[in-house]
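Read left to right, the sequence shown gives residues 0 to 313 (numbering that gives the first Met the number 0).
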Amino acid sequence: MAVYIDFDNIVISRYDQVHGRGQFQRDKSRGFDQADRPADPDIADRLQRATVDVGAMIDFASSFGTLVLTRAYADWSAPVNADYRGQLVSRAVDLVQLFPAAAYAKNGADIRLAVDAVEDMFRLPDLTHVVIVAGDSDYIALAQRCRRLGRYVVGVGVAGSTSRSLAAACDELVTYDALPGITPAGAAQQPAPPTTGPQAEHEEPGSPSSGRAPRRTRRSAAAATDDPDPEDPQDLATRLLERALRLGQEKDDADWLHSSAVKSQMRRMDPSFSEKSLGYRSFSEFIKSRQAVAELDDTNSARLVRLNPALTAQ
């Protein structure tokens with residue numbers, strides 16, 4: 000798997016989706032620094048509500064196979080992009096710096112991304128899947144070329160900002176809102192399902208299993224080591240399990256999944272995951288402790304697991 004992210008494209012598209020078309024430029028959000036929060040709390044709040052969950056995109060990509068290459072293209076000197084440092088570093092994303100070449104801030108990400116992707120196709124023949132995170136029609140030619148070279152192309156874009164022609168050029172296209180763990184823009188908050196098991200004492204209002212929108216951006220399963228306020232490992236493991244189950248059910252179109260496949264997906268999403276480090280003797284024991292998120296059928300050797308029906312409609 001290779002993942003290529005036009006970071007400016009996805010950040011601006013998400014902001015405009017949440018706050019209205021063209022609002023990113025009108026708010027001059029590109030140059031807004033979080034240090035300016037006291038001076039302009041409204042813009043700070045707008046940026047927070049439109050924050051992109053990088054982990055959700057990478058976790059989705061990992062459901063197709065092993066990630067060997069993840070690159071994000073942007074002007075990382077811009078404060079709006081620099082604020083994603085924690086998310087990007089925690090997922091080992093290779094950051095490609097693109098300084099704007101003109102006054103209108105066009106950084107040429109589409110050309111650089113396309114050149115790198117085609118080069119990688121020839122340099123790394125083992126690549127079978129390519130994920131392009133962008134909705135710009137400029138990537139149609141790249142998607143077509145990757146398919147012509149025998150790769151399975153997946154597009155990820157923001158609803159309302161993704162070209163229909165790009166969708167036709169890809170083998171599969173998914174909107175950002177449809178990714179497991181993402182709250183669709185404008186979605187109403189839903190009540191939290193009943194929580195049972197040891198993880199109940201760790202549950203927070205912002206976790207996906209609570210069914211309510213977070214107070215800040217959802218973190219990916221792998222927490223940034225320099226985070227001054229690290230999340231509880233039990234919370235991270237619970238959200239990791241839920242996301243893996245949602246990915247598995249969407250790909251296999253089946254309610255019940257083999258527990259070994261679920262664990263493998265969790266390890267692809269977060270290589271540091273270990274049920275033993277969390278205090279459980281087996282993966283089955285770990286699942287049983289998350290009854291609010293998962294159900295385990297251990298009546299036979301297959302050991303099947305599914306997402307709690309109370310969460311399937313969320």
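Ideal placement from N, C-alpha and C gives every residue a C-beta, glycine not left out. These numbers come from a predicted model, not from an experiment.
- Item | Proximity winner among 70, 150 and 10, relative to residue 111 (alpha-carbon distances) | The sequence position of residue 111 within the sequence shown is 112, counting from 1. Of the candidates 70, 150 and 10, 70 places its Cα closest to the Cα of residue 111.
- Task: Quick one: residues in its chain with C-beta nearer than 8 Å to the C-beta of residue 295, no 5 flanking neighbours on either side, listed in chain order?
- Result: For the purposes of this step, residue 295 is identified with residue 296 of the sequence shown, where counting begins at 1. Around residue 295, the same chain offers 258, 283, 286, 287, 302, 303 and 304 as residues with beta carbons nearer than 8 Å, after the five sequence neighbours per side are excluded.
- Query: Can you give the beta carbon distance from residue 315 to residue 175, rounded, assuming they're within the 8 Å contact cut?
  - Reply: Past the edges of the chain, shown from 0 to 313, lies residue 315, and the structure says nothing about it.
- Within 8 Å, strictly: CB atoms of residue 47 and residue 75: Numbered from 1 along the sequence shown, position 48 holds the residue referred to as residue 47. Numbered from 1 along the sequence shown, position 76 holds the residue referred to as residue 75. No, the Cβ-Cβ distance between residue 47 and residue 75 is not below 8 Å.
- Message: Report the CB separation of residue 182 from residue 150 in whole angstroms; it is logged as a contact under 8 Å.
- Response: Counted from its first residue, the sequence shown places residue 182 at position 183. Counted from its first residue, the sequence shown places residue 150 at position 151. Residue 182 to residue 150, Cβ: 31 Å. No contact.
- Message: Buried or exposed, going by whether 16 or more other CB atoms sit within 10 Å of the CB of residue 179?
- Response: To locate residue 179, count along the sequence shown from 1; it is residue 180. So residue 179 ends up on the buried side.
- Message: Assess contact between the region 53–66 and the region 13–24, defined as three or more Cβ pairs (one per stretch) separated by less than 8 Å. Is contact present?
- Response: Result no; under three Cβ-Cβ pairs closer than 8 Å.
- Task: Please state whether DSSP places residue 152 in a helix, a strand or coil.
- Result: Within the sequence shown, residue 152 is the residue found at index 153, counting from 1. Collapsing the DSSP output to three states places residue 152 in a strand.
- C-alpha distance - residue 139 paired with residue 108, whole-angstrom precision: Position 140 of the sequence shown, counted from the start, is the residue given in the question as residue 139. Position 109 of the sequence shown, counted from the start, is the residue given in the question as residue 108. Put simply, the backbone Cα of residue 139 is about 14 Å away from that of residue 108.
- With residue 13 and residue 79 assumed to form a contact (beta carbons below 8 Å), what rounded beta-carbon distance in angstroms separates them? Within the sequence shown, the letter at position 14 stands for residue 13. Within the sequence shown, the letter at position 80 stands for residue 79. Not confirmed; about 11 Å, so no contact.
- Query: Run through DSSP, which three-state label would residue 96 get?
  - Reply: Locating residue 96 in the sequence shown gives position 97, where the first residue counts as 1. Under the three-state reduction of DSSP output, residue 96 falls in the strand class.
- Message: Helix, strand or coil, according to DSSP, for residue 7 in the structure here?
- Response: Reading the sequence shown from its first residue, position 8 is the one you call residue 7. Taken through DSSP and simplified to helix, strand or coil, residue 7 comes out as helix.
- Item | Ranges of the alpha helix (DSSP H) found wholly within the region 241–281, counting only runs of at least 4 | The region 241–281 contains, as complete alpha helix (DSSP H) runs of 4+ residues, the segments 258–268 (chain order).
- Mapping DSSP to helix, strand and coil, what is residue 299? Locating residue 299 in the sequence shown gives position 300, where the first residue counts as 1. Assignment of residue 299 by DSSP, reduced to helix, strand and coil, places it in the coil class.
- Query: Opposite residue 72 in the DSSP bridges: which residues?
  - Reply: By one-based count along the sequence shown, residue 72 stands at place 73. Residue 72 is bridged to 5 and 95.
- Item | When 27, 232, 1 and 309 are compared against residue 121, the one with the closest alpha-carbon | For this step, residue 121 is matched to residue 122 along the sequence shown. Ranked by Cα distance from residue 121, the options 27, 232, 1 and 309 are led by 1.
- 8 Å CB neighbourhood of residue 81 in its chain, flanking five on each side removed: Within the sequence shown, the letter at position 82 stands for residue 81. Once the five neighbours on either side are set aside, the close Cβ partners of residue 81 are 75.
- Query: Between residue 102 and the rest of its own chain, which residues show a CB-CB distance below 6 Å, the 5 nearest in sequence each way excluded?
  - Reply: Here residue 102 refers to the residue found at position 103 of the sequence shown. In this prediction, residue 102 scores a pLDDT of 49, lower than 50, which makes its location untrustworthy; no coordinate-derived value is stated.
- Item | Bounding residues of the alpha helix (DSSP H) (the contiguous stretch that carries residue 88) | On the sequence shown, residue 88 is found 89 positions in, with the first residue counted as 1. From DSSP, the alpha helix (DSSP H) with residue 88 extends over 84–89.
- Using a Cβ-Cβ distance under 8 Å, would residue 282 count as near chain C? The chain labelled as chain C is not found in the depicted structure, where only one protein chain is given.
- Query: So residue 7 and residue 73 are in contact, right, with Cβ under 8 Å, and what is the actual spacing, rounded?
  - Reply: The residue given as residue 7 occupies position 8 in the sequence shown. The residue given as residue 73 occupies position 74 in the sequence shown. About 5 Å separates the two Cβ atoms, so the contact holds.
- Using 10 angstroms around the beta-carbon of residue 177, count the other beta-carbons present and answer buried if the total reaches 16, otherwise exposed. Along the sequence shown, read from residue 1 onward, the residue named residue 177 stands at position 178. By the Cβ-count criterion, residue 177 is exposed, with fewer than 16 other Cβ atoms from all chains shown falling within 10 Å of its own Cβ.
- Task: Could you check if residue 241 is buried or exposed, using at least 16 other CB atoms within 10 Å of its CB as the buried criterion?
- Result: In the sequence shown, counting from the first residue as 1, residue 241 sits at position 242. Residue 241 comes out buried.
- Is the beta carbon of residue 142 less than 8 Å from the beta carbon of residue 165? Locating residue 142 in the sequence shown gives position 143, counting from the first residue. Locating residue 165 in the sequence shown gives position 166, counting from the first residue. Taking 8 Å as the Cβ cut-off, residue 142 and residue 165 qualify as a contacting pair.
- Verify whether the separation of the beta carbon atoms of residue 62 and residue 246 is less than 8 Å. Here residue 62 refers to the residue found at position 63 when the sequence shown is read from its first residue. Here residue 246 refers to the residue found at position 247 when the sequence shown is read from its first residue. Cβ distance < 8 Å, so residue 62 and residue 246 count as in contact.
- Where residue 134 falls, given that 16 or more other Cβ within 10 Å makes a residue buried: As a first step, residue 134 must be located in the sequence shown, where it is residue number 135. It is buried - the Cβ of residue 134 has at least 16 other Cβ atoms within 10 Å.
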